[in-house]
Structure formats: C-alpha cells, structure tokens
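Enquirer: Residue numbers (UniProt numbering), protein chains in the order written: chain A, 1 to 191; chain B, 1 to 191; chain C, 1 to 191; chain D, 1 to 191; chain E, 1 to 191; chain F, 1 to 191. My questions all concern the structure below.
Protein chains: 6
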Amino acid sequence: MSDAVSRFPVTELEDLPDDLRTRIGAIAEKSGFTPNIFRALGHRLAELRAFLDYHDALMEREGGLSKAERELVVVATSGANHCTYCVVAHGAILRIRAKDPELSDRVAANPWQVELDERGRAIVDLALALAHEPALFGEGDLDAAREAGLTEDEIWDVGAITALFAMSNRLAHLTALRPNSEFYLMGRQKR
Amino acid sequence: MSDAVSRFPVTELEDLPDDLRTRIGAIAEKSGFTPNIFRALGHRLAELRAFLDYHDALMEREGGLSKAERELVVVATSGANHCTYCVVAHGAILRIRAKDPELSDRVAANPWQVELDERGRAIVDLALALAHEPALFGEGDLDAAREAGLTEDEIWDVGAITALFAMSNRLAHLTALRPNSEFYLMGRQKR
Amino acid sequence: MSDAVSRFPVTELEDLPDDLRTRIGAIAEKSGFTPNIFRALGHRLAELRAFLDYHDALMEREGGLSKAERELVVVATSGANHCTYCVVAHGAILRIRAKDPELSDRVAANPWQVELDERGRAIVDLALALAHEPALFGEGDLDAAREAGLTEDEIWDVGAITALFAMSNRLAHLTALRPNSEFYLMGRQKR
Amino acid sequence: MSDAVSRFPVTELEDLPDDLRTRIGAIAEKSGFTPNIFRALGHRLAELRAFLDYHDALMEREGGLSKAERELVVVATSGANHCTYCVVAHGAILRIRAKDPELSDRVAANPWQVELDERGRAIVDLALALAHEPALFGEGDLDAAREAGLTEDEIWDVGAITALFAMSNRLAHLTALRPNSEFYLMGRQKR
Amino acid sequence: MSDAVSRFPVTELEDLPDDLRTRIGAIAEKSGFTPNIFRALGHRLAELRAFLDYHDALMEREGGLSKAERELVVVATSGANHCTYCVVAHGAILRIRAKDPELSDRVAANPWQVELDERGRAIVDLALALAHEPALFGEGDLDAAREAGLTEDEIWDVGAITALFAMSNRLAHLTALRPNSEFYLMGRQKR
Amino acid sequence: MSDAVSRFPVTELEDLPDDLRTRIGAIAEKSGFTPNIFRALGHRLAELRAFLDYHDALMEREGGLSKAERELVVVATSGANHCTYCVVAHGAILRIRAKDPELSDRVAANPWQVELDERGRAIVDLALALAHEPALFGEGDLDAAREAGLTEDEIWDVGAITALFAMSNRLAHLTALRPNSEFYLMGRQKR
Numbered sequence: 001m002s003d004a005v006s007r008f009p010v011t012e013l014e015d016l017p018d019d020l021r022t023r024i025g026a027i028a029e030k031s032g033f034t035p036n037i038f039r040a041l042g043h044r045l046a047e048l049r050a051f052l053d054y055h056d057a058l059m060e061r062e063g064g065l066s067k068a069e070r071e072l073v074v075v076a077t078s079g080a081n082h083c084t085y086c087v088v089a090h091g092a093i094l095r096i097r098a099k100d101p102e103l104s105d106r107v108a109a110n111p112w113q114v115e116l117d118e119r120g121r122a123i124v125d126l127a128l129a130l131a132h133e134p135a136l137f138g139e140g141d142l143d144a145a146r147e148a149g150l151t152e153d154e155i156w157d158v159g160a161i162t163a164l165f166a167m168s169n170r171l172a173h174l175t176a177l178r179p180n181s182e183f184y185l186m187g188r189q190k191r
Numbered sequence: 001m002s003d004a005v006s007r008f009p010v011t012e013l014e015d016l017p018d019d020l021r022t023r024i025g026a027i028a029e030k031s032g033f034t035p036n037i038f039r040a041l042g043h044r045l046a047e048l049r050a051f052l053d054y055h056d057a058l059m060e061r062e063g064g065l066s067k068a069e070r071e072l073v074v075v076a077t078s079g080a081n082h083c084t085y086c087v088v089a090h091g092a093i094l095r096i097r098a099k100d101p102e103l104s105d106r107v108a109a110n111p112w113q114v115e116l117d118e119r120g121r122a123i124v125d126l127a128l129a130l131a132h133e134p135a136l137f138g139e140g141d142l143d144a145a146r147e148a149g150l151t152e153d154e155i156w157d158v159g160a161i162t163a164l165f166a167m168s169n170r171l172a173h174l175t176a177l178r179p180n181s182e183f184y185l186m187g188r189q190k191r
Numbered sequence: 001m002s003d004a005v006s007r008f009p010v011t012e013l014e015d016l017p018d019d020l021r022t023r024i025g026a027i028a029e030k031s032g033f034t035p036n037i038f039r040a041l042g043h044r045l046a047e048l049r050a051f052l053d054y055h056d057a058l059m060e061r062e063g064g065l066s067k068a069e070r071e072l073v074v075v076a077t078s079g080a081n082h083c084t085y086c087v088v089a090h091g092a093i094l095r096i097r098a099k100d101p102e103l104s105d106r107v108a109a110n111p112w113q114v115e116l117d118e119r120g121r122a123i124v125d126l127a128l129a130l131a132h133e134p135a136l137f138g139e140g141d142l143d144a145a146r147e148a149g150l151t152e153d154e155i156w157d158v159g160a161i162t163a164l165f166a167m168s169n170r171l172a173h174l175t176a177l178r179p180n181s182e183f184y185l186m187g188r189q190k191r
Numbered sequence: 001m002s003d004a005v006s007r008f009p010v011t012e013l014e015d016l017p018d019d020l021r022t023r024i025g026a027i028a029e030k031s032g033f034t035p036n037i038f039r040a041l042g043h044r045l046a047e048l049r050a051f052l053d054y055h056d057a058l059m060e061r062e063g064g065l066s067k068a069e070r071e072l073v074v075v076a077t078s079g080a081n082h083c084t085y086c087v088v089a090h091g092a093i094l095r096i097r098a099k100d101p102e103l104s105d106r107v108a109a110n111p112w113q114v115e116l117d118e119r120g121r122a123i124v125d126l127a128l129a130l131a132h133e134p135a136l137f138g139e140g141d142l143d144a145a146r147e148a149g150l151t152e153d154e155i156w157d158v159g160a161i162t163a164l165f166a167m168s169n170r171l172a173h174l175t176a177l178r179p180n181s182e183f184y185l186m187g188r189q190k191r
Numbered sequence: 001m002s003d004a005v006s007r008f009p010v011t012e013l014e015d016l017p018d019d020l021r022t023r024i025g026a027i028a029e030k031s032g033f034t035p036n037i038f039r040a041l042g043h044r045l046a047e048l049r050a051f052l053d054y055h056d057a058l059m060e061r062e063g064g065l066s067k068a069e070r071e072l073v074v075v076a077t078s079g080a081n082h083c084t085y086c087v088v089a090h091g092a093i094l095r096i097r098a099k100d101p102e103l104s105d106r107v108a109a110n111p112w113q114v115e116l117d118e119r120g121r122a123i124v125d126l127a128l129a130l131a132h133e134p135a136l137f138g139e140g141d142l143d144a145a146r147e148a149g150l151t152e153d154e155i156w157d158v159g160a161i162t163a164l165f166a167m168s169n170r171l172a173h174l175t176a177l178r179p180n181s182e183f184y185l186m187g188r189q190k191r
Numbered sequence: 001m002s003d004a005v006s007r008f009p010v011t012e013l014e015d016l017p018d019d020l021r022t023r024i025g026a027i028a029e030k031s032g033f034t035p036n037i038f039r040a041l042g043h044r045l046a047e048l049r050a051f052l053d054y055h056d057a058l059m060e061r062e063g064g065l066s067k068a069e070r071e072l073v074v075v076a077t078s079g080a081n082h083c084t085y086c087v088v089a090h091g092a093i094l095r096i097r098a099k100d101p102e103l104s105d106r107v108a109a110n111p112w113q114v115e116l117d118e119r120g121r122a123i124v125d126l127a128l129a130l131a132h133e134p135a136l137f138g139e140g141d142l143d144a145a146r147e148a149g150l151t152e153d154e155i156w157d158v159g160a161i162t163a164l165f166a167m168s169n170r171l172a173h174l175t176a177l178r179p180n181s182e183f184y185l186m187g188r189q190k191r
C-alpha cells in the first residue's frame, strides 16, 4: 500500500509563496505539522487562498455557533459523506473543542442517531438534511431548527458550513487525501 | 406565491462595500442585471469575497477546460442535484458559451444520458461520479477520464468545479434562491 | 453528435394510415410541427392508437383538474424521472397553459421544492409520491391530497396521469427520443 | 381488515357498456372470474378501453417474444416495483404460460438474481434497467440485449411492456388493488 | 438451468453427526422433507448448531409474539430484502400459522402497504425500519410500536427476529439457496 | 445526555448463570472489562448463548481467513451499516490484530475506497456486496473473489461473517448500544 498524500502533486510548505507560507506556517506551528489538505491544494494557489478564506470566514467567525458546534457540523456531514480525511482531521479538532474523547467517533459512525442534546440534535439534523438530499431541503427543515431555538444567523452558519464541506469532502475524495498520522491520536485522552 | 429572492436577508449592489460593489457591478453591467446569488450572499461579506475568489479561480482560469466545458460541468452536476438556480443561471451561460440553444435543457434534464461527444461524455461522467456518490469515487473514474484524453490538470478542473458547485448548489437550496427572470431567455435564439 | 429522433425506426406523417394521419395531422397543424413522439411510435400502429386514446382520455377529459394542472403533473413527474423529451415538450405546453414563462423550468429542475400554491403543492406531492416510490404509496398520501381539497375524481386524475407518464417517460428513455427544436422556445415570452 | 377491491368506485361487468361487457366478458368466461383490474378501471370508460387496447397491442401481438416471455417481463418488473396485484395476477399467468409452478414466485421475489437461461436473463435485465432507473437507461443496456440475440423488435417489446406495466403497477398502487383470490392457486400444480 | 441447492457443498441428513441428524431429522419428519437451509449449512457444523439454537430461541420462545406474528416479521423483512428462499419457505409457514392462503404473497410482494390490523401494521413497520435502514432506526420507531400496544418484550422479539433474518437472508443470498419444491404449495388451500 | 448502555434491560456479569459467567468472564478478564454487547443480551440467555456460539464458530475458527481479515470484514460492513458499537469495538480489535493504529478509522469511514492490498480489497468488496445490496449479490461477486485468489472456504467465511454482523449491527441499532469507553483507545499507539 502506498503512503501517497494525494493523487495529484503535493506542495511542501517551504515551496509556497510568502503569503501562504506565513498563513499555513502559523497553522503548522500550532498543530505541530502541516495538515495534508494544504499540501494537496498547494499546486493551485488561487484555489488554496480562496479555500482558506472561505474556511476562516465560516469557522473562525465571531458569534453564532460555538467552535465545537461548527466542528460538529463538519464531522456529522463528513461522516454521512464517508470522507475519511475530514472525519479523521476534524474528528480530532472536535474531540479537542468539545473536550470529549468519544464524541467524534460516535458522530462520524452514525450522525443520524448519535445521542446529543436538543440543540446539538437540531444542528446535526439540519446539516444532514442539506448534505444528503439537498433537493428535498425545505421549510420544514428550517422550522425544526427554529423550534429548537436556532437563530437565523445560526441556521445560516449550519447551512453554509455544510455547503463548504460538501466541497471539501469532494476535494478529499478527488485526491484520495490521506489524513496526517498525528490526527488519529489528538484529543483521545480525557483531560 | 412569493417573489422572494432568498429565505435570508438580501443586499442590494449599492449597499455593498466598495470592493464588492466594483467587482459585482462589473458583472451586473455585463449581464444587464445583478445575479441573485450575489444579493443573497451580500449579508456575509467575507463569504461573498471567498465565493467570488473561488469561482474566478476555477471558472476564469487560463488553460485547461474550455469555458463551455466548465459550464457543462456546472449544468450537469446542478441538474443531478436538482438545483434550480444553478440550472437556470448556468444553463443560460452554457447556451451562450456553447452557442447551442438546446444543450442546457438536455444536460440539465438528464446529464447521465444526454448525447455528447466522447470528451464531453468523459467530462460529465467524471463530474457526476464525484457529485453524486463521492464515497464511491475511485481510480476507475480517473482512468476512464484519462482514457478519453483528459490531462491531470483537466481532471482537477472537472473535480474542483464539481466540488465548488456541490457547495453552490447547497447554498441555493439553503436560501431557496430564485433565478433572475433574465436568465430564462438568454441564449435561446440560434445565432 | 447525431440528430437521430429515436433509436428505433421513425415514421413520417404521410406514411401513417388514414386515421392516424388525420388525427396526428390535426395536432401537427395546430403546433406547426409533428411532435417526435408520434414519429417514434409510428412503426407500431396499434400501440400508437392506444397511446393517443389514453392520452386524450386523461389530458382532454372534461371536468376535474385544469389543463395547466394536468401539465403540471406531467412536468413534475417527468422532471423527477429525468425524461428529457417530456420535460422539454410538456414544459412548453405548461408555459402556455399556465401563462408563465418560468414555471416549467422551475418545476422540472426541482419538483419537490418549487414554490406553488397549496393546491398546486398537493397535486405535485401526490404525483411525486406515486411516480417515485410507488411501493410506499398509501393512505397518508391520499389523506394529504384530500386535506388540500382535492376531490376523489381529481385524485384519480393526478394518479392516472402520473401512471401514464411513468409509461411515456420510459418509452422516451427506451428510444432516446429527441425533443423537436420548436418546443424549446414555445411560451417563453410573457404575454 | 377490509376486503375492498379498490380505494375508488368499482364497476361490475353487467354495468359496463356493451362493447366493454362483451370484451371483458370473454376474458371473464375464459378465466372463470372478472379480474379486479377491470372492475377498478370501469368507472373511467375511455381509460379502460385504452388500457385494454394497449395491453392487447403488446401482450397479444403476433411474433416477437413468446407469451411466456412477455409475462416474464411483467412479473419481473412488477416484483421490482412491489406491485401486489400484478405479481399475483401475472404470476398466475406466467405459471401457466411457462408450465412451471415455481418460476413466478422466484422471479417476483428476486428478479435480479433468479436463475434463467441466457435469453431469459437478457430479457429480464433489459426490463429491470428500464423499470428501475430509467434515467440511466442507455446504449449499454441495448448492446447487452443484442449480444444475447434479441432482435430490435424483441427489444422494443421488452421495453414497451416494461413501460406499460410501469403504468399498470402505479394504477394498482393508486387503487390498492386487491388480487382476485382465484389467482393465488392457478397453475400451482405441475401438469 | 441448474437445480443446484446451493453454490457451496450440500450435506445430506444421513451424513450429519448424531445430534444434528436427530434434531433436523425431527423437523424433516414433521415437514415431510429436509428444508434446504439445513443441507446448505451442513458443511459447517458449529455454524449450523448455532443457527438452530438462535432460530429456536427466537421462533419457539414461550410468550410474546404469536407464532404467526413471528413469521409475519420473517416474511415482511425477507420480502423487503428480496430473499427468495425465506419468502418461499417462511411464506409457507405463515400461510399455515395464520390460516390464510393469501397473506404471505401479499406481505412478501409489498410489506410496506399490505393491509394489516393495527397491531400487525406496527409489527411490520418496526421490522422494516430495522431491516432496511438500520442507521436511521431510533426512538420514533420504538414509540410508534409502544403506541400500538407492543410491550418491551414484544419489541425485542420483533427486532431480534428481524436481525436474525438479516443474517439468514444474506446466507441464502450467499448460497443462492433454492427453496424446496414442497414449500410452494403448503397452506394454499383454505381449511 | 444519558449514559445508558442499552434501551433494554442490562445484565451484569455476576447475575448471569454459571456457564455464561464463566465464558464471558474469561473475555472480560482478557479485555479488562465486560463488552457491553454481552450486558445488553444478558436478559435473553438462550439468545446470548447462540450469539456467542455463532461468533466463536466464525471468528475463532481454525484455518481460512486470518484473524485480522475477519475483523476487517466486521469493520468494513459495520462502517457501511453505520453501526457505532461495532465500529468502535471491532475497530479496536482490528487495530490490535492488524498492528496498525490507523487502519480501522480509515476502513470504517469509507470501506469502498480505503487503500488495501489486492486480497484485502477483494475481501472487503465481497463483504460490502453482500452487506449492502444482498438482492443483487451474484456470481460476478464470487468470480471477482476467486480471481483475487480467495478459496471457496474463505469466500464462505467472508459471506458468513458479513451475515453475522448484519444481525449484530441490527441488535446494536435496536438497543442503541453504547460502546465501552475502553475501546476508543485500544491499539492506538504504534508498537
């Protein structure tokens, strides 16, 4: 079995232009390694910049969903989409953000039935409806989210993060993107 | 029946900050109207900027697929995803780019069986495989594209455009985005 | 790309026996062209006669659904079935019957979520339930139609038209039936 | 549990107009009972006449498929569509036509894997492709049928019978049509 | 067409070790023949013993569901799973247990819509939910069963029998298991 | 959120009859804890005994598939079935048996595309075909396995383990079975 990171050319941090080297370098320093998604997108600089911008606009935004809730959306929809990279990488982040070493595996294995509180359930149900059968997404899905107390702004966050990872998942499927080994162990110890 | 453009707040061109007003204003001037997708994303400025950047990085890129072929990917996957806005809006653009008043309706109605030349068929097959059942996307899909003569760079284009519109389609489903009336008639007369 | 009308032999109007030439000739005169479905069925005279009879029994019947509503059933189920010929041909008729140049494209692209008034929604929901997963069709579907005010007679019309086009769609898929070019532009101008 | 024949009004043989009473009377005499499909369609005379004409045009036609093969198409597609009336009624006819008391139950339970000779398998595969996912039906399906020796005329028969029973199945689902008790036992004894 | 009982080696009653020969011999004596499932599992003695034990633990257990209700679960889920052997063999047993010569064919053809009393409907709905889309099985399914009056113990029976036949069905699909001819006629005469 | 192990009564090791206490006690001693599946089945003693027997007959059998390969079948099909308990518990065992801390997460997230050697791929493909669409399982699936070098005996093992976990997965879905916390960390460190 190969250890290839991607089916397409891979770019190392030091070969990126200054702006991207600085930006991704900061992530790599914080994580201790360069997440493979950046190495796999590095041969397309404009796409990599737009990807980072879109990601930060939704995942680092002030207000709205908590950071753990945003990762919950990512892990639930990536589990439903069977996206290995996103399940492993964002599963690690969710473990850390939610301070729960078991949650990610349970969400990824079965997002439809994983036990969550009412708000968490409403977030995941909304995300799954849009991720899985977008043609059927309708007012009923929004009404259920509103009844669980989500604001319009939070509903947008759930929907837009789901949409962003519909894209990310497909980029990972396109490239057969390999998760960095470090992700598997992150956040597994209860702290 | 309502004529609402979106389920969420809509922003008019003149209420956007300078950079976006200039950028989208140029599109509006060329089209003769402001496509509703920009009005629907205008309440989230960072997301709108990233969306435009990602779109241009893939749809305006030099080399690789022709512009008509890029729109073919969009219309085929949006048809498979039952995304009304993208079918109508990009159907109009495809009619113009391909100089064919019938192609868009046929691609959108049934992308799996629409008659195309070998290269067109390979592009659409690759796009549909990634759009519809990404978990099953694999080497066989890539090999079929290569056998039809697509380069690695063109394969990336098809895959990345498919991924981008997996996101765009879901944003349109989230917002129940209404196509501008102008799109329906564009490019319908043979020239 | 070929311009073939059908995968099977095609019969011209003048080569049909008298009764069919008169009957289809009247349609051709009114439309300005002979719809390709008749040319494609013309090599099987008994089937063509029965097809015309069944079509007229349901689509020209006095009382019950309006003519626009009947076409709504056709376009919605043909869209769900990805039947290019029926989407294009009956989309044209629906535009004319409903005096709405946008409705057909929106119904065909996404019949599940297209915005309709309550009665229209009930008609389309009933049709889609029977078209798409007939094994699950049950009392709940009928009750929903009744609650929206449909009579038993109207419910039959919706169901029987859906059934007829489950057949027509498959005949069009069997033959790879090409829509006449004239259909694409019919009814696109607001009058 | 009710013994209702249909969810809609039922018409008895003696209440039909002369032409239909004669025509269906002949069937009833031969079978020993009036098949419920005729009683259920009897409140719509024009539809019943067209139904009988279409049925006879395909099922009684000279040449092409054998009568047992035509019933094989009906039972296979009705099994895939979970249509109880057609499985039970045409299962009885297939037992008689094929002189095989086990074939119908095996075809109806699993048409995809039932053991058949090469020609039978090709007929059923073609029928299932068109019945189940018509949007994907294409040249490959026709080529497989041709390779197994089916003529263009026989391919049309398979396709058109599949299409007719896509309609019939949905009429039976619409009406919750109850099979006559007589069908269950017909042809069950080896002769 | 072959008359093979299984794709794998078949073991005759007289070639089984004493305990199994006695146990299955008793079944064979009662039925008048050795059901093929035992001949097909006979080359794996430990598996055959465990299969018999599991079957008896659920199907012969005192209390809870009636014996006809247990067979109803088997026929409904085997129909949904398109398992020919289980549909034919357990269809025969259900006819006998329910003293109804028509019920099995109707349940197997369309378990979702077959007319049943409220308790029967609740049993079949619960079984189908677990059989068909287990990942979505949840509290709502249990609540519906409880509302129809099923006890916790009966709910377990329905669920565990469904699970057992998810296994049995797949063993029959693995082996292309042929139903014994005797099953087809058992219980078909009203008594 | 509750910490319930099962929706149904749970039985502790010390409350089991002697034979089961000894048998499961040995597992508990080896693992360091009592896997929850045994606590959840403990209220049905005959079923628990048959479950253990069936499990051991297939998972502890001499010859045929390696122990790691058997767990590969379990994790792949449980991933496809979205069964949280089996993914987490057998994922732990697979990590240990395969001496690979990453394999389980990758198999469970996407069994269809996880990179495996040719034999591993053939095993997983065979298992997924039977697990996911058993009605379509046929000679082609067996031929592919044979071409990859699997013996008839190994093919049976793959099929029968897949069948057993079609049952186990549904028991876990029925009970909403909670994985023991210990499983999440087992085998995660490379040794």
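Don't be surprised by glycine CBs; every beta carbon is placed ideally from N, CA and C.
Does the beta carbon of C:T175 come closer than 8 Å to any beta carbon on chain B?
Expert: Output row for C:T175: interface = no.
Enquirer: For F:H90, name the three-state secondary structure that DSSP assigns.
Expert: Note: F:H90 maps to helix in three-state DSSP.
Enquirer: Can you grab the Cα-Cα spacing for the pair C:T84 / B:S104, in whole Å?
Expert: As the crow flies, the alpha-carbon of C:T84 is around 11 Å from that of B:S104.
Enquirer: Buried or exposed: which applies to E:S181, given that a residue is buried once 16 or more other Cβ atoms fall within 10 Å of its Cβ?
Expert: exposed
Enquirer: Measuring alpha carbon to alpha carbon, tell me which of A:E102, A:E133, A:I155, A:A98 ends up nearest A:I123.
Expert: A:I155
Enquirer: Look at the alpha carbon of D:E115 and the alpha carbon of E:F33, and state the distance between them as a whole number of angstroms.
Expert: 23 Å
Enquirer: Quick check on the burial criterion: 16 or more other C-beta atoms within 10 angstroms. Buried or exposed for C:E102?
Expert: buried
Enquirer: Check C:M167 in the structure and name its three-state DSSP category.
Expert: helix
Enquirer: When Cβ atoms are compared, which residues of the stretch 130–143 of chain E fall closer than 9 Å to chain F?
Expert: L130, A131, P134, A135, L136, F137, G138, E139, L142
Enquirer: With 8 Å as the threshold, decide whether the Cβ of A:H55 is near any Cβ in chain F.
Expert: With a threshold of 8 Å between beta carbons, A:H55 makes no contact with chain F.
Enquirer: Could you tell me which chain C residues have their CB closer than 8 Å to the CB of D:L58, listed as they occur along the chain?
Expert: E47
Enquirer: Apart from the five residues just before and just after E:A160, which ones in its own chain have a Cβ nearer than 8 Å to its Cβ?
Expert: L58
Enquirer: Looking at the C-beta of B:H82, does it have a partner C-beta in chain C at a distance below 8 Å?
Expert: yes
Enquirer: Helix, strand or coil: which one does DSSP assign to E:L130?
Expert: helix
Enquirer: Can you give the Cα-Cα distance for F:C86 and B:G140, rounded to whole angstroms?
Expert: 30 Å
Enquirer: Give the range of the alpha helix (DSSP H) segment to which F:A76 is assigned.
Expert: 67–80
Enquirer: Flag this pair as yes or no: are the beta carbons of A:A127 and A:V158 separated by less than 8 Å?
Expert: yes
Enquirer: Suppose the cutoff is 6 Å on Cβ atoms and the five residues either side in sequence are ignored; what does the same chain contact list for E:V74 look like?
Expert: H90, F165
Enquirer: Would you report the Cα separation of D:A98 and D:L150, rounded to the nearest angstrom?
Expert: 19 Å
Enquirer: Which residues in chain B have a C-beta closer than 7 Å to the C-beta of F:N110? List them in chain order.
Expert: Those within 7 Å of F:N110 in chain B are A135.
Enquirer: Run through chain F and tell me which residues come within less than 8 Å of E:N16, C-beta to C-beta.
Expert: Per the sequence shown, the amino acid found at residue 16 of chain E is Leu instead of Asn. What E:L16 touches in chain F: nothing, since even the nearest Cβ is about 16 Å away.
Enquirer: Between A:G25 and A:A92, is the Cβ-Cβ spacing less than 8 Å?
Expert: no
Enquirer: Comparing the C-beta of E:V124 with each C-beta of chain D, is any distance below 8 Å?
Expert: It does not; no Cβ of chain D falls within 8 Å.
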